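In numbering that gives the first Met the number 0, the protein residues as written are 0 to 383. No residue lacks a Cβ here, since even glycine has one placed at the ideal position from N, Cα and C. If you're wondering where the values come from, they're calculated on a predicted model, not measured in any experiment. Below is one structure, written out as structure tokens, with a few remarks after it.
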Amino acid sequence: MKHLLFLGLLALAGATQAQQRTAFAPGQPWPDNKGTHLNAHGGGVLYDQGRYYLYGEHKIAGPKGNSAQVGVHCYSSKDLYNWQDEGIAFAVAPEGSGSEVEKGCVLERPKVVYNKQTGKYVMWFHLELKGKGYEAARTAVAVSDKATGPYQYVRSYRPGAGQWPLGFKEEWKQPVPGEKDLKWWTPAWYKAVAEGSFIRRDFEPGQMARDMTVYVDDDGKAYHIASSEDNLTLHVAELTPDYQGFTGKWNTIAPAGHNEAPALCKKDGKYYLITSGCTGWDPNAARSFVSSSIWGPWQPLANPATGPQANTTFNSQSTYILPVAGKKDAFIFMADRWTPKNPIDGGYIWLPLTFDGFQPRLTWADKWDLSMFDQPKNGTKTAQ
Ligand code: DGJ
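Right under this line is the structure:
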């Protein structure tokens with residue numbers, strides 16, 4: 000009997016050991032502590048009291064899999080390689096409940112931030128109402144007393160209702176006859192977009208908000224960055240001190256630049272933004288921007304991805320830039336490899352984000368670990 004127990008313990012230890020990962024393997028299945036591929040797509044990471052928390056869309060198999068059937072899945076980790084399943088942090092409301100977040104809605108790109116003033120964990124996500132495709136274009140907030148949840152739904156928003164962005168000229172506040180009929184992508188249309196044709200259209204209900212992220216700055220102020228104006232222009236908006244609403248201060252980024260999937264980081268006082276173009280679930284070439292202020296002006300830079308498959312960002316789309324705790328200038332670019340036919344299979348591309356001067360760089364690595372950030376001048380080195 001004793002012998003059997005010993006063998007059993009040995010087998011258990013072996014299994015535990017087998018699942019200990021010591022490196023990232025971008026694009027490979029990524030098992031959690033139970034051996035199940037992580038289910039946290041369009042995700043973001045919160046570092047809180049010595050632990051990382053990963054939040055993302057819980058997808059299911061099959062054609063319904065990209066609509067929210069379950070909610071937001073949470074995992075936690077000490078080392079970023081090994082993730083413990085913490086379950087569903089935010090659950091969709093029951094079908095037929097009439098709630099904005101009822102089962103079957105679209106709930107994408109959840110991001111969680113911690114508010115020191117209120118002691119609450121605040122989750123934001125892109126919300127589309129059930130049965131309405133992507134027309135609602137709302138952003139929504141839920142809160143919890145614990146990082147792992149459960150998060151309670153607060154409300155959704157169209158940001159910037161009744162507020163003009165910074166630097167919006169007086170003469171742009173009136174509708175321009177014929178602006179709605181301008182042919183897209185013509186010089187006249189670009190000018191009209193830059194001078195607020197879509198902003199005027201959505202001034203009263205509030206601006207559209209689709210792909211989004213939330214960023215907390217060093218001074219504790221938080222910002223919501225989302226694809227707006229029919230995905231043509233990104234909007235950056237300041238959150239209220241409790242991070243649960245908007246102050247009304249906002250600005251545009253790259254008008255008519257057609258950017259999605261915003262991910263932000265700050266290095267040496269400069270803000271860096273990585274985005275994608277807009278091609279649905281298909282990957283495209285990433286873009287990058289730098290600015291000295293979150294309010295802009297944002298200077299466009301090059302595609303940060305280099306080498307083979309740079310034109311599809313290694314077959315992925317950005318979701319978050321994760322600063323590694325305790326390491327200076329150590330950033331992980333997190334992206335999704337979408338599999339829309341069977342969304343649960345979606346893969347994760349995590350790569351070190353390095354810098355050549357101001358230019359963010361991504362270089363493919365089949366396998367890499369955090370020690371690459373300890374190499375001298377990691378800014379110019381690539382992963383092995
Ligand atoms: C691309 C976005 O980045 C995703 O989050 C999702 O909204 C898809 N488009 C839907 O086609």
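To the nearest angstrom, how far is the alpha carbon of residue i from that of residue j?
i, j, result
"Y347", "Q316", "10 Å"
"W349", "S287", "17 Å"
"A262", "Y270", "11 Å"
"A236", "V175", "25 Å"
"D335", "H40", "7 Å"
"P339", "N65", "7 Å"
"Y189", "S227", "15 Å"
"G205", "Y133", "16 Å"
"A22", "G268", "30 Å"
"L165", "L126", "26 Å"
"Q298", "D84", "40 Å"
"K266", "S292", "12 Å"
"E388", "L37", "With the chain covering only 0 through 383, there is no way to say anything about residue 388."
"D328", "E259", "25 Å"
"D245", "Y156", "Residue 245 is actually Phe in this sequence, not Asp. Between F245 and Y156, the C-alpha separation is close to 9 Å."
"S98", "Y150", "15 Å"
"Y222", "W249", "9 Å"
"V274", "S370", "Residue identity differs from the one stated: residue 274 is Thr in this sequence, not Val. So the alpha carbons of these two residues sit roughly 26 Å apart."
"P30", "D78", "14 Å"
"L231", "Q68", "29 Å"
"V323", "F330", "6 Å"
"V105", "I224", "18 Å"
"N310", "R154", "38 Å"
"P158", "Q19", "43 Å"
"L352", "Q173", "43 Å"
"N341", "P62", "7 Å"
"D47", "A253", "33 Å"
"A60", "T185", "41 Å"
"P282", "G256", "17 Å"
Per DSSP, residue i forms a beta bridge with which residues?
i, result
"S317", "A334"
"C264", "Y271"
"M211", "A225"
"T232", "S227"
"V140", "W123, R154"
"Q173", "BP columns for Q173 are empty, so no partner."
"P359", "F354"
"K110", "W123"
"G345", "Per DSSP, none; premise fails for G345."
"V44", "L53"
"P30", "H36"
"E237", "Y222"
"V384", "Nothing about residue 384 can be read from this structure; the chain reaches only from 0 to 383."
"T305", "T362"
Grouping DSSP H, G and I as helix and E and B as strand, with all else coil, what is residue i?
i, result
"E178", "helix"
"F354", "strand"
"Y51", "strand"
"N310", "helix"
"W163", "coil"
"Y189", "helix"
"N258", "coil"
"S96", "coil"
"I87", "strand"
"V64", "According to the sequence shown, residue 64 is Gly rather than Val. DSSP places G64 in helix when its eight states are reduced to three."
"L300", "coil"
"R200", "helix"
"L128", "coil"
"S75", "strand"
"L369", "helix"
"S287", "strand"
"I384", "With the chain covering only 0 through 383, there is no way to say anything about residue 384."
"G219", "coil"
"G247", "strand"
"P322", "strand"
"Q19", "coil"
"G205", "coil"
"G70", "strand"
"D328", "coil"
Please determine whether the Cβ atom of residue i lies at a distance below 7 Å from any heavy atom of ligand 2.
i, result
"S291", "No copy of ligand 2 occurs in the structure displayed; its ligands are ligand 1 alone."
Would you say residue i lies against chain C (beta-carbon separation less than 8 Å)?
i, result
"G356", "Structure shown: chain C not included; a single protein chain is present."
Between the segment 134-145 and the segment 113-122, do at least 3 Cβ pairs fall closer than 8 Å? With a cut-off of 8 Å, the segment 113-122 and the segment 134-145 count as touching, because enough Cβ pairs lie within range.
Under a criterion of Cβ closer than 6 Å to any non-hydrogen atom of ligand 1, which residues qualify, in chain order? Cβ-based neighbours of ligand 1 within the cut-off: G41, E107, R108, D210, E259, A260, G279, W280, Q316.
Touch check for the segment 102-118 and the segment 206-213: three-plus C-beta pairs under 8 Å? The segment 102-118 vs the segment 206-213: in contact.
Any contact between the segment 301-311 and the segment 226-242? By contact I mean 3 or more CB pairs, one from each, below 8 Å. Cβ pair count under 8 Å is below three, so no.
Pair every Cβ in the segment 60-74 with every Cβ in the segment 357-374, then say whether three or more of these pairs are closer than 8 Å. The answer is no - the segment 357-374 does not touch the segment 60-74, with fewer than three Cβ pairs under 8 Å.
Check whether the segment 90-101 touches the segment 40-52, taking contact to mean three or more Cβ pairs, one atom from each stretch, closer than 8 Å. Pairwise C-beta distances place the segment 90-101 out of contact with the segment 40-52, as fewer than three of them are shorter than 8 Å.
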